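As structure tokens, the structure follows; a few thoughts come after it.
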Amino acid sequence: MEMPGKRDKHAWRAEIGARRAAMSSADQENEARELAHSVAELDVPEWVCAYVPVRGEPGSTAMLTALRAAGARVLLPVTGPPGPLRWAEFTGIDDLRRARFGLLEPVGEVLADAIALAELILVPALAVDRRGVRLGRGAGYYDRTLSAARPTARLIAVVRDDELLDRLPEEPHDLRMGWALTPHGGLHRLGGDKDAE
35 MEMPGKRDKH
45 AWRAEIGARR
55 AAMSSADQEN
65 EARELAHSVA
75 ELDVPEWVCA
85 YVPVRGEPGS
95 TAMLTALRAA
105 GARVLLPVTG
115 PPGPLRWAEF
125 TGIDDLRRAR
135 FGLLEPVGEV
145 LADAIALAEL
155 ILVPALAVDR
165 RGVRLGRGAG
175 YYDRTLSAAR
185 PTARLIAVVR
195 DDELLDRLPE
205 EPHDLRMGWA
215 LTPHGGLHRL
225 GGDKDAE
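Position one of the sequence shown corresponds to residue 35 (the numbering used here), numbered consecutively onward.
Pasting the structure below:
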């Protein structure tokens with residue numbers, strides 16, 4: 035659900051962050067179960083880039099386990115200097131370590147240009163609109179990374195059902211998502227006229 039108006043990205047981030055902070059742990063756990071079920075039903079390729087949800091993001095490591103059970107090799111971001119994300123393979127929950135920014139990351143070898151392997155990329159988002167415009171946290175890591183993905187990769191923003199909006203502010207460097215995955219609504223195809231106002 036979207037409130038009308040010309041809010042900027044900062045205002046959207048503040049509103050969605052407050053909503054996420056107000057969610058109960060029971061609701062978060064229910065959503066995590068639903069998302070794990072939904073990712074298991076995707077057409078899962080050999081290589082998938084994903085992430086470990088933190089700071090109120092929907093989902094849990096159960097999504098990663100479900101992807102591996104479906105036959106995927108799962109790549110997760112590894113913290114590093116500002117720039118494109120680096121990736122390492124997720125081999126199980128016991129092989130995750132604490133990293134910067136409260137993240138969990140794999141302990142294995144960092145793979146060069148790994149994003150180019152992925153045919154499906156699950157992207158964290160605060161919100162996404164029906165055109166595919168994604169709202170991130172503002173650090174730009176995914177903006178600098180997704181341009182190296184293969185052109186045919188399925189880009190899927192993972193958001194809550196009420197974070198799939200009609201319209202978000204868009205900047206020239208924003209790369210649009212092709213799909214949104216929500217806990218209760220499942221997979222949504224996105225797309226629309228980039229220049230329509």
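All C-beta atoms in this analysis are idealised placements derived from N, C-alpha and C, irrespective of residue type, glycine included.
Just so we're clear, the structure is a prediction, and the values are computed from it rather than from any experiment.
Under a Cβ-count criterion, where at least 16 other Cβ atoms within 10 Å of its own Cβ denotes burial, should residue i be classed as buried or exposed?
i	result
THR113	exposed
MET57	exposed
ILE50	buried
PHE135	exposed
GLY126	exposed
PRO185	exposed
VAL88	exposed
ALA148	buried
VAL73	buried
GLY105	exposed
PRO158	buried
PRO116	exposed
VAL162	buried
Once the 5 residues before and after residue i are set aside, which same chain residues still bring their CB inside 6 Å of it?
i	result
LEU209	LEU180
LEU156	ALA84, ILE190 and VAL192
PRO79	GLU153 and LEU154
ASP177	HIS207
VAL141	ASP129 and ARG131
Provide the residue span of the beta strand (DSSP E) that contains residue i, from first to last.
i	result
ALA220	Looking at the sequence shown, residue 220 is not Ala but Gly. Taken as a continuous stretch (DSSP letters only), the beta strand (DSSP E) holding GLY220 covers 220-223.
GLU139	138-140
ASP129	Element bounds for ASP129: n/a, residue is neither H nor E.
PRO209	For clarity, residue 209 is Leu in the given sequence; the question names Pro instead. No beta strand (DSSP E) contains LEU209, which DSSP labels as neither H nor E.
ARG232	Here the chain comprises residues numbered 35 to 231, so residue 232 is not present and cannot be evaluated.
ALA161	161-163
ALA192	In the sequence as displayed, the identity of residue 192 is Val instead of Ala. Unbroken beta strand (DSSP E) run through VAL192: 188-192.
LEU149	Note on residue identity: the sequence assigns Ile, not Leu, to residue 149. Segment: none, ILE149 is in no beta strand (DSSP E) and carries neither H nor E.
How is the alpha helix (DSSP H) around residue i delimited, first residue to last?
i	result
GLU123	Careful: GLU123 lies outside any alpha helix (DSSP H), inside the beta strand (DSSP E) at 120-124.
THR179	175-179
LEU98	95-103
ALA56	43-56
ASP61	59-74
Do residue j and residue i have their beta-carbon atoms positioned less than 9 Å apart in this structure?
i	j	result
ASP196	ARG41	no
LEU137	GLU123	no
LEU202	TRP46	yes
VAL86	GLU143	no
GLY90	ALA70	no
ARG171	LEU199	no
ALA96	ALA66	yes
VAL82	ARG120	no
HIS218	GLU63	no
Under 7 Å Cβ to Cβ from residue i, same chain only, skipping five residues before and after it: list those, please.
i	result
VAL167	LEU202, GLU204, ASP208 and ARG210
GLU231	Because GLU231 carries a pLDDT of 36, less than 50, the predicted location of this residue cannot be relied on, and no value is offered for it.
Looking only at its chain, what residues have a beta carbon closer than 8 Å to the beta carbon of residue i, apart from the 5 residues adjacent to it on each side?
i	result
ARG223	GLY212 and TRP213
ALA182	PRO118, ASP147, ILE149 and ALA150
ARG188	GLU153, LEU154, ILE155, GLY212 and TRP213
So, does the CB of residue i fall closer than 9 Å to a CB anywhere in chain B?
i	result
LEU137	No chain B is part of this structure, which consists of one protein chain only.
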